Structure formats: C-alpha cells, structure tokens
Amino acid sequence: MKSKSKNNNQLLMTLLKGRTFIVLIVLVIFFSFASKSFLSLTTLTMVAKHVALYGILALGMTFVIITGGIDLSVGSVVGLVGMLAGGLIQEGLTIGSKTIYFSVPLIIIFMLLFGCLVGLINGLIVTKLKVAPFIATLGTMYICRGFANLRSGGATFSNIKGYEGLGNTGFKVLGSNFLGIPAGVFIFAILAIIAAILLKKVPFGWYVLAVGGNEKSARLSGIKADKVKIIVYIISAFCAAWVGMINTAQLSAAHPASGDGWEMNAIAATVLGGTSMAGGSGTIIGTIVGAFVIGVINDGMTMCGVSEFWQKVIRGCVIILAVVIDQTQRNLQAKMALQARNENK
Amino acid sequence: MMKKLVVGLLTAAMVSSMACGAVMADDASAELLPGGGTKILYCITPSTSNPFFGTEQVIAEKVGEELGYEVKCFSHDDDAAAQLELFEAAITDKAAAIICDNAGADASIEAIQKAYDAGIPTFLIDREINQTGLAISQIVADNAQGAAAIAEVWVEAMDYAGKYAELLGLESDTNCHVRSENYHSVIDEYPDLEMVAQQSANWDQTEAYEKTEAILQANPEITGIICGNDTMACGAVQACTDAGRDDIKVIGLDGSDDAAAYIKSGEMVGTALQQIALITETAVREADAYLNGTAPEEEKQLVPCIAITADNVDNLSQFVYTEPAA
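If you read the protein sequences in the order shown, they are chains H and G. For the first sequence, the working numbering assigns the number 1 to the initial residue and increments by one for each residue that follows. For the second sequence, the working numbering assigns the number 1001 to the initial residue and increments by one for each residue that follows.
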C-alpha cells in the first residue's frame, strides 16, 4: 500500500519535473491544429529566431536569478548597444577633428566589451555599495535608456549597411540566415552550450548555486561571493549586448526604444524554466524550454489572429500556473524526502 | 463664483464668435488675456526623445525668436504633474504666452486654467483637451483625413483587390482607433480588398517586425500591410524584405524621415505627414497676433495631413513639407 503511493508520487515527480517540456509539446500540437501553417520548418525557424532574442537574455538572467539577484537593466542595454553599434557604423567615432570608422568585427568586440562594462558596474553597485539588485539594476536601466536616447536625440539610425569605401559593411550578417537558419539562433545555441557548461561542469557553476542557496555558508566555505556575483551580472549584460546587435542587424535600424520591457520576457522564461526567484536552483535547459514556451505562445496566437489583449492575459496565466506547479513540486519533493527518511528508520 | 461667471461668459463669447466671426472681432479683443508682461514664450512638449516633439521645440524657438520673443522649451514627459509645475514656473516667470503639446486631455485642464487665471494665454498644439473656451486655440493634425488620404493611395497601389493585414498601434490610444477607422472608411468601400489579419504591435519596430513575420507565415497570400504609424511600417518593410516579399504594399502614418527613405527606395508605398512644423508655427504666430490684440477666429483648428508618395517624397525633410516650385 505504502509502496504504491510512493510509486505514484515518483511518477508524479517525473511528470512535474518535465512539466515545461510537456506544456511546450501540448502547445505545439494545439497550434498545429489551430493554424494550418504552424507545423512547418519555416514557422519553427521563425519561432526560434524570435525566441533567440529574449532566450539569450534569459540565459544571462538565469545566472543572476540563481544567485538570488535580478537584472532589470538588460532591456535598456539592448537598446543602448543597438544605438552605439548603429552610430559607430553610420557616423564613426569622432575624436577632435578626426573621425574613425571601425570594421564590423571590431565593432562587435567593442559592443561585447561595453556590455561587460555595464555588467561590471551593476555588479559593483550590488556588491561593493550594497544596493539591492532590484534597485541597482532599476537605476542602470534608466541610465542606459537615457543614454540610448541621448546618442541620437531620439532619432533612429536607419538603413545600417555600412559603406564600402569605409570598409565597415557586413553588420547585417548578424541578422541573416546561414543554411536556412538565422544567425541569432546559432548564437543562441552556442551561448546556451557555454552557459550550460559554465553552470554544471566547472567549479564556477557550483559557486553560483552555492551563493544563491546560502550565501553565508558559501562565504564560510571559502567562496568569494562578491566576485561570483559581479561575474553573473557581467554574463547577463554580455548576453544583452549580443541581443542588442542581433536585433539591430535584423531591423537594419537602431531605435532608442528597442528592448523596452524585454527584461520581463527574460525573467518570465527563466521562471518558467524552473529557476527559483529565491535563488539556489535552476538549469539552462529549463530556461531554454521556458523561452520556447513563451515564443510558441506569442507566435502561435499571432498566427491564429488572437488579439494582443488576450495574448497578455494568457501569457500571465501561464507564468502564474508554472510557478504554482513549481511550488507543488518542491512540497512533494520535501514530502518524499521525509518519507524516505522515516522508512530508513 | 466670480471665476465661474467669467469662464461662463467667456465660453459664451467664444461660442457666439464662432457663429458670427466677423462681427465678434472687436468684441473679443475686449476680453483678451493680457499675458504675463514679459516677452517670454514657454514651449512645453512631451519628451523630445521623439523627433516629432523635438521638431515642435525647434520650430517654436525659431519662429518665436523671429518675432522678437525669448523662447524657453521644456518637456513634461507625459506627466500631468510635471506639466503643472512647468505652467506654474511660466506664471512665476511672467511669461507672455504658453505653447503646449499637453500631457492628457483631462489632466491638463487644471494647468491651463491656472495660466488663464494668471492672465497668460495658452495655445495647444498636436493634442486637444476635453474643454473649450480655456485655451485660445487648439491646433491639431487631421489624423482622420490623413489616414483616409494615404489609404486612397494604397487602394490604388493594390489595384483595388487582394488580401491584406493591419498592424495597429497601442490599442488603448485614441489615435490608434482614429487612424484604423479612417483607413477602413476608405478600404472597406472595395469588396475585393479583404483583411485577413489584424494585430497590435504597440507602435514598436521590433514587435512589428516579428508580428509581420508571423502573419506572413500564416497568411502568405497577403499583398498589402497597413500600419498605424511609420515606426511599425519600417519594421514591416524589413520583415517583408527579409522574407523576399517585395510585392507587399506597405503604408504608414507620421511622415518620418525613416519612412521617407523607404518610400524613396520603393520599398514602401507612402505615409501621411502630420505637418507638426506648420502647426507649431501657426500657434506661435497666433500667440503673437493675440498679444497684439487679434484673437484667432476659431479655437479648434485642423491642419490637413499630406499624403507622401514616391512622387513628392523629395519635398519632405524633418516633418517639414516644402511645396515644390511650380
């Protein structure tokens, strides 16, 4: 009798652990029936292309949230990086009376370094100045958005192609397809693999999990918690810099309001993927599946002609439901652990 | 009590002056607000992070200085409380008049009332308020006419038949509905034009790009996309180009330079220009005339939009349309 209920619990556990993936499968099946053109290679490629943007943000966000922090600045970093990259291509960098135009690979490296710098600032404010992550990144969110607007006085850098004569053409590469697959998806895949290795295969990942689980005991066991925290904010802003460039390349335009509110999509994908907002647990694969759930809902509903208002309502319901199930899983896990201990006695 | 009486009388005067403009001209001058006493014009607009509002400040400054005023420009960032503070600053500064693109049809009434009580006339541009008789003039672009005008051009480009999609702006925005309704007032006259998808893209370029890609997947048969503004139109054009669909006819509304570039390259059919530069100039000139004793004939003034197509796009730059020399 007892063992049967235990087996039931274990089955339930397996289902719960794979819940986001099950939801994803159900959604894909549902939309395949609802919209006749949904289940096709081109549609799935398109969904992956859209998912890549906030999926990459969510990768970085996962590290930050595991440490118990949050990074609200990523959406603004997307906008600012887009503007800086667009500006460097269109107008170059003017120092004194000289204007220098950089080649595209150099611009990409500069932008990634710039992202790291913003992350470093976020991390220093959080660790050294002891400002709560929510407030610190809220501040940098406004600062970055402000600078994005200041860069052009609010105008758009449009038709970003570079100039043959200046040797800075080719930025569009980040928004083009290779073998039928968008560059953004490749970058998403590569960054996801690196992130998964970082989190699970090297000591750094264990430090991140340990700091998020219990910062005090992590410190006592010799982990440099501040350093770990600074690095996660750098990872997050580094990811945001990639998204800023991919988005700009896809649109061939940089708009200062780009990325407004994307931090919320990134947080939603992370939470859907099972990362706990309290910190201490989370996986990269979960975040990827979470990002795809949101992407499939967005594009699926658009293809079915559901209005924007209902899309918002449904997205909200899915997020709450996911967290409720997450909570159920944790309770069940605790109960099973207790049960196992009692049996051993 | 006294204040209400004055306002009531003034409203009555305004209404009757509309009914018989010419006769009232002398009468109205007796009721003119004196202004604060200095030669300072206040120009209060939404955030200049949008070049559209930036143009308002640039033009107000240029025309105001031409007419011998000192012009002070501020942004209220669509915050009615900030706007009230700016109005109070203008009153303390004894400003001659206020040019304002307001922060809300109802929320702005209090601020304009304060200026009115202090004897400072307010001239509204771009957006109206839900009250008449308070501002001296309310000069706005005719969104309805503009949408209809560019829709006419688009219908012709579509050759009066085919399936199309619509990208709406922020659905809680009045402008979004005015524009959409007037697109349809023209398009729905043609039974062979059928709308197969309608989505909101929140005035945003990336969202318009992604929504257009999704719509093209679900409805590859469409040959046209109508957009509530130019930012979304630019996103839609890019998505069509990436999908190799240069046959899709896209229109927007605003008259931005980004849209103008796409119209020049033939990737976009057209847009409707809201003549914000002309609107602002009119407001400043009316303020000057008013302070010299001539009130505008009507409070509510509509400035027509201009349909911009490949034929006349060269005359457009930074929201200013220069009539070609005949």
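Ideal Cβ positions, reconstructed from N, Cα and C, are used throughout, including at glycine. Remember, it's a predicted structure, so these values are computed and weren't measured experimentally.
In terms of DSSP beta bridges, what is Phe1053 of chain G paired with? Position 53 of the second sequence, counted from the start, is the residue given in the question as residue 1053 of chain G. DSSP lists no partner for Phe1053 of chain G.
Below 7 angstroms between beta carbons is the criterion; list the residues of the segment 1046 to 1062 of chain G that meet it against any residue of chain H, in chain order. Thr1048, Ser1049, Asn1050, Pro1051 and Gly1054
Is any beta-carbon of chain H found at less than 8 angstroms from that of Lys1163 of chain G? By 1-based counting over the second sequence, the position of residue 1163 of chain G is 163. Using a CB distance cut-off of 8 angstroms, Lys1163 of chain G does not count as an interface residue toward chain H.
Along chain H, in chain order, which residues have C-beta atoms closer than 9 angstroms to that of Thr1223 of chain G? On the second sequence, position 223 is the one that residue 1223 of chain G refers to. In chain order: nothing, as chain H lies at least about 17 angstroms away.
Does Gln1199 of chain G get closer than 8 angstroms to chain H when you measure Cβ to Cβ? Counting from one through the second sequence, the residue named residue 1199 of chain G turns up at place 199. Closer than 8 angstroms to some Cβ of chain H, the Cβ of Gln1199 of chain G qualifies, so yes.
Which chain G residues sit within Cβ distance under 7 angstroms of Asp299 of chain H? Here the question's residue 299 of chain H lines up with position 299 in the first sequence. Those within 7 angstroms of Asp299 of chain H in chain G are Ala1214.
Residues within the segment 23 to 35 of chain H neighbouring chain G, beta-carbon criterion of under 8 angstroms: Ser35
Residues of chain H with CB closer than 7 angstroms to the CB of Ala1218 of chain G, please, in chain order. As a working note, residue 1218 of chain G is residue 218 in the second sequence. The answer, in chain order, is Ser35, Ser37 and Met303.
Could you tell me which residues DSSP puts in a beta bridge with Met1195 of chain G? The residue given as residue 1195 of chain G occupies position 195 in the second sequence. Answer is G:Tyr1164.
Per DSSP, which residues does Ser1137 of chain G bridge with? Please list them. Along the second sequence, one-based indexing puts residue 1137 of chain G at 137. DSSP, once it has assigned bridges, lists G:Phe1123 as partnering Ser1137 of chain G.
Please classify Ser236 of chain H: is it buried, with 16 or more other beta-carbons within 10 angstroms of its beta-carbon, or exposed? Position 236 of the first sequence, counting from 1, holds the residue named residue 236 of chain H. So Ser236 of chain H ends up on the buried side.
Checking 8 angstroms against the spacing of the C-beta atoms, do Asn168 of chain H and Val104 of chain H come in under that value? The count along the first sequence starts at 1 and reaches residue 168 of chain H at position 168. The count along the first sequence starts at 1 and reaches residue 104 of chain H at position 104. Against a cut-off of 8 angstroms, the Cβ pair of Val104 of chain H and Asn168 of chain H comes out as a contact.
Is there a Cβ of chain H sitting closer than 8 angstroms to that of Glu1194 of chain G, yes or no? Taking the second sequence and counting its residues from 1, the one referred to as residue 1194 of chain G is at position 194. By this cut-off, Glu1194 of chain G is not an interface position.
The alpha helix (DSSP H) enclosing Ala1208 of chain G, as first and last residue numbers: As a working note, residue 1208 of chain G is residue 208 in the second sequence. Gln1205 to Ala1218 is the span of the alpha helix (DSSP H), which, as asked, contains Ala1208 of chain G.
Under DSSP, the beta strand (DSSP E) around Lys49 of chain H begins and ends at which residues? For the purposes of this step, residue 49 of chain H is taken as the residue at position 49 of the first sequence. Note, Lys49 of chain H: premise wrong, no beta strand (DSSP E); alpha helix (DSSP H) at Leu41 to Ile66.
My output table needs one value for Ile181 of chain H: the three-state DSSP class, helix, strand or coil. Translated into positions along the first sequence, residue 181 of chain H becomes position 181. Of the three classes helix, strand and coil, the one that applies to Ile181 of chain H here is strand, per DSSP.
Classify Gly222 of chain H as helix, strand or coil using the three-state DSSP reduction. Numbered from 1 along the first sequence, position 222 holds the residue referred to as residue 222 of chain H. Gly222 of chain H: coil per DSSP, three-state reduction.
State the DSSP-derived secondary structure class of Ile157 of chain H, mapped to helix, strand or coil. One-based indexing of the first sequence puts residue 157 of chain H at position 157. Looking at the sequence shown, residue 157 of chain H is not Ile but Phe. Strand.
Spatial neighbours of Ser1029 of chain G in its chain, beta-carbon cut-off 6 angstroms, leaving aside the 5 residues before and after: Counted from its first residue, the second sequence places residue 1029 of chain G at position 29. Because Ser1029 of chain G carries a pLDDT of 45, less than 50, the predicted location of this residue cannot be relied on, and no value is offered for it.
Close beta carbons around Leu16 of chain H, own chain, < 8 angstroms, minus the five adjacent residues each side: Taking the first sequence and counting its residues from 1, one reaches residue 16 of chain H at position 16. These residues qualify, in order along the chain: Ile325, Thr328, Gln329 and Leu332.
For Tyr163 of chain H, name the three-state secondary structure that DSSP assigns. One-based indexing of the first sequence puts residue 163 of chain H at position 163. Looking at Tyr163 of chain H - three-state DSSP - the assignment turns out to be coil, as it is neither helix nor strand.
Is Pro1142 of chain G helix, strand or coil when you go by DSSP? Position 142 of the second sequence holds residue 1142 of chain G. Residue identity check: residue 1142 of chain G is Asp in the sequence provided, not Pro. Note: Asp1142 of chain G maps to coil in three-state DSSP.
In the DSSP assignment, find the beta strand (DSSP E) that holds Gly280 of chain H and state where it starts and stops. Residue 280 of chain H sits at position 280 when you count from the first residue of the first sequence. Secondary structure note for Gly280 of chain H: it is in no beta strand (DSSP E), with a DSSP letter that is neither H nor E.
Of all the residues that make up the segment 140 to 171 of chain H, which are near chain G by a beta-carbon distance shorter than 7 angstroms? Against chain G - using a Cβ distance shorter than 7 angstroms - the residues of the segment 140 to 171 of chain H are Asn149, Gly153, Gly154, Ala155, Thr156, Ser158 and Asn159.
Are there three or more Cβ pairs, one per stretch, closer than 8 angstroms when the segment 106 to 116 of chain H is compared with the segment 217 to 226 of chain H? no
When the cut-off is 8 angstroms and only beta carbons count, does Gly1104 of chain G lie next to chain H? Along the second sequence, read from residue 1 onward, the residue named residue 1104 of chain G stands at position 104. Cβ-Cβ to chain H under 8 angstroms: no for Gly1104 of chain G.
When you check each C-beta in the segment 220 to 252 of chain H against every C-beta of chain G, which residues fall closer than 9 angstroms? Asn247, Gln250, Leu251 and Ser252
Across the segment 222 to 241 of chain H and the segment 1153 to 1171 of chain G, are there enough close Cβ pairs to call them in contact, namely three or more that are closer than 8 angstroms? no
Do Thr20 of chain H and Gly279 of chain H have their CB atoms nearer than 8 angstroms? As a first step, residue 20 of chain H must be located in the first sequence, where it is residue number 20. As a first step, residue 279 of chain H must be located in the first sequence, where it is residue number 279. In this structure, the beta-carbon distance from Thr20 of chain H to Gly279 of chain H does not fall below 8 angstroms.
Proximal chain G residues relative to Met46 of chain H, where beta-carbon distance stays under 8 angstroms: The residue you call residue 46 of chain H lines up with position 46 of the first sequence. In chain order: Glu1213, Ala1214 and Gln1217.
Taking a contact to mean a Cβ-Cβ separation below 8 angstroms, would you say Thr1271 of chain G touches Ile1279 of chain G in this structure? Counting from one through the second sequence, the residue named residue 1271 of chain G turns up at place 271. Counting from one through the second sequence, the residue named residue 1279 of chain G turns up at place 279. Result no, Cβ atoms of Thr1271 of chain G and Ile1279 of chain G do not sit closer than 8 angstroms.
Quick check on Asn331 of chain H - is its C-beta less than 8 angstroms from some C-beta in chain G? Position 331 of the first sequence, counting from 1, holds the residue named residue 331 of chain H. False, the Cβ-Cβ gap to chain G never drops below 8 angstroms.
Under 8 angstroms, do Asp1204 of chain G and Ala257 of chain H count as touching if we go by C-beta distance? One-based indexing of the second sequence puts residue 1204 of chain G at position 204. One-based indexing of the first sequence puts residue 257 of chain H at position 257. Taking 8 angstroms as the Cβ cut-off, Asp1204 of chain G and Ala257 of chain H qualify as a contacting pair.
Chain-ordered residues of the segment 73 to 90 of chain H with a beta carbon less than 9 angstroms from chain G: none
With a threshold of 8 angstroms between beta carbons, is Tyr1209 of chain G in contact with chain H? Stepping through the second sequence from its first residue, residue 1209 of chain G is reached at position 209. Tyr1209 of chain G counts as touching chain H.
Who are the Cβ neighbours of Ala52 of chain H in its own chain at under 6 angstroms, not counting the five residues just before and after it? Here residue 52 of chain H refers to the residue found at position 52 of the first sequence. The residues are Gly184, Val185 and Phe188.
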